[in-house]
Structure formats: C-alpha cells, structure tokens
Amino acid sequence: MIELFDATDLPRAREAGALVAGILQTMKGRCEVGTNLLDIDRWTQDMIIEAGGVSCYVDYEPSFGRGPFGHYICTSVNDAVLHGKPFDYALADGDLLTLDLAVSLNGIVTDSAISFIVGETRSPESLALIDATERALVAGIAAARPGARIGDLSHVIGEVLSDAGYRVNTEFGGHGVGSTMHQDPHVPNTGRPGRGYTLRPGLLLALEPWIMADTDKLVTDADGWTLRSVTGGRTAHSEHTIAITEDGAEILTLPKP
Numbered sequence: 010m011i012e013l014f015d016a017t018d019l020p021r022a023r024e025a026g027a028l029v030a031g032i033l034q035t036m037k038g039r040c041e042v043g044t045n046l047l048d049i050d051r052w053t054q055d056m057i058i059e060a061g062g063v064s065c066y067v068d069y070e071p072s073f074g075r076g077p078f079g080h081y082i083c084t085s086v087n088d089a090v091l092h093g094k095p096f097d098y099a100l101a102d103g104d105l106l107t108l109d110l111a112v113s114l115n116g117i118v119t120d121s122a123i124s125f126i127v128g129e130t131r132s133p134e135s136l137a138l139i140d141a142t143e144r145a146l147v148a149g150i151a152a153a154r155p156g157a158r159i160g161d162l163s164h165v166i167g168e169v170l171s172d173a174g175y176r177v178n179t180e181f182g183g184h185g186v187g188s189t190m191h192q193d194p195h196v197p198n199t200g201r202p203g204r205g206y207t208l209r210p211g212l213l214l215a216l217e218p219w220i221m222a223d224t225d226k227l228v229t230d231a232d233g234w235t236l237r238s239v240t241g242g243r244t245a246h247s248e249h250t251i252a253i254t255e256d257g258a259e260i261l262t263l264p265k266p
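Now the structure itself:
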C-alpha cells in the first residue's frame, strides 16, 4: 500500500516528526558510560505516552521477528545494526550505539535512527561508519523531489556507501510510512537511476542507509530480532522521514537546534 497525504496533513506529520526527533535527542543526551539499555527503553516509553503517541514497536510482529518486539525503541550496539532488542546491558566507553524509533502521533507515523559513540573513546573506524551513513542520507534526501524515481534515491545512497568502501545489503532499507510504519515503496540502499516508483507530493518516505564494516551479511541474534554483522564488525545506521512536497523534500525528523 502507498499512501499520499494532503497538504493539510503536513502539520500533523511535522508534529509526529518533531516528537520522534526530540525523543532520540533526549535519549542521546542521557546515554553515557553505565547507562542501561533497559533504562533507555523505559525513558522512551514514558516520553511517548506523555506526548499522547503510540509505539510502533511494542506489538510489532512481522514474519522475520520472533513474536511481538515488546519494547519501545531499538538499541543496537557495536556489531548490531538493525532491530536491536533492549536487554540488560550497561553501555561501555567507546560503544557505537544506534537508536531507532518509530512513533504514531495523531494518526501519522514517522521513523528515524541515529548512530553515535558513547563516552570519550572514538575509534576512526566507528567515526567513518557513522559519517558514511549520514552523508548517504543527505544525498538520498537531496535527490528526493516530485518526478524523481525510487531508483534515483537508491543510486545516490549506494554510491556514497560504495565509494566509502562499504558493501551494501539490500535485504532491509528505506520504506514508505503513513498511517502504518512499513509501507510501499521499498527504498533499497543501492539501485539503478530512472527505475521504480515515481515520487509525488504527499508521499512520506523513511530513508535509512546502514552499513557494516567488512561485510554485507547479517545474522539474527538469539533473541530472534537483533540483526548483527556476521563478522562481528561494527555497524552504523542513519534515518530520517521526509515528506515529498511540490518544492522537493522536507525532513520531518530533523532535530531542533
């Protein structure tokens, strides 16, 4: 299903995006050496409920997961890159943490992810991974406008990641959002320009470049959810929800200054 929203819905989409961005920035500010992943999940729950939002994750039960996710935020550490299920783990100095959050507010879902380093130890490898996904996300957003094709976005995202020396996995990627979290069209993180669905005003897309240091192969953790690098190498993931407008693309999940 592909949903197209009216321009009058854009204020609601902005509110939903601001909520997700605000929660992620608050959680980033609270993440320090010794912070427990379960506390991050609990703090996120409190903020969603206080804002009148609805979690997209608690009851989420797709075919690739094992039962309902049961938590409010994805917390992926080091070699975990997607769907990181919070567990009893205290963050250590130098950990590379990805927080991924999707919330419905007033009937519209927005989805975003950030990767950052905890503490003071900042390895060049970790910084390079984060930088590549952030630059790929910027490139994908810049290519998003009415009349562009999904393949145009995928192509520029993949070019940035490949030029940085990373292999690209296409099992999971960006996607449409709207009244539900995962909708068509699928937005692979590499592709051919001029192919795929034509973007038009009213479309909401979550673009999410993600990479692993030395592989494009995933393995599922024992929890049935967390996806990790098969080699144990580090990973990074950056994501924004954008709205296609008459003038181009508006980032809905951009943090306030």
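The sequence shown begins at 10 in this note's numbering and counts up by one.
Note that the Cβ used here is the ideal one computed from N, Cα and C, for glycine as well.
The model shown is predicted, which means the values in this text are computed figures rather than measured ones.
Straight-line gap, V127 to G241 (C-alpha atoms, nearest Å): Those two C-alpha atoms are separated by around 19 Å.
Same chain only: Cβ atoms within 7 Å of V300, ignoring 5 sequence neighbours per side: Only positions 10 to 266 of the chain appear in this structure, which leaves residue 300 out of reach.
Distance CB(Y81)-CB(V67) smaller than 8 Å: Yes, the pair counts as a contact, with Cβ atoms nearer than the cut-off.
Straight-line Cα distance separating D120 from L213: Those two C-alpha atoms are separated by around 10 Å.
Pairwise C-alpha distance: R209 and M10: If you draw a straight line from the Cα of M10 to the Cα of R209, it comes to about 15 Å.
Candidates G183, G160 and A145, of which the one nearest L170 by Cα: When only C-alpha atoms are compared, the closest one is A145.
Option nearest E41 by Cα separation, candidates A258, D88, E129 and Q192: The residue with the shortest Cα to Cα distance from E41 is E129.
Strand pairing of G61, partner residues [DSSP]: DSSP, once it has assigned bridges, lists no residue as partnering G61.
Chain D within 8 Å of T142, Cβ atoms only: Although the question refers to chain D, the structure presented lacks it and comprises just one protein chain.
Closest by C-alpha distance to G160, when choosing among Y206, S188 and R131: Nearest of Y206, S188 and R131 to G160, Cα basis: Y206.
Coarse secondary structure for A89, derived from DSSP in three states: Strand, per DSSP.
Burial state of V196, where buried means 16 or more other Cβ atoms lie within 10 Å: Around the beta carbon of V196, 16 or more other beta carbons sit within 10 angstroms, so the residue counts as buried.
Three-way DSSP call (helix, strand, coil) for M36 in this model: If DSSP states are grouped into helix, strand and coil, M36 belongs with the helices.
Residues near R243 in its chain [Cβ-Cβ closer than 7 Å; skip 5 each side]: Result list for R243: N87, D88, L105, E134, S135, L138 and A222, in chain order.
Bridge partner(s) assigned by DSSP for T107: Its beta-bridge partners are S85 and S124.
Inter-residue spacing [alpha-carbon to alpha-carbon] between L261 and G26: The C-alpha of G26 is placed about 5 Å away from the C-alpha of L261.
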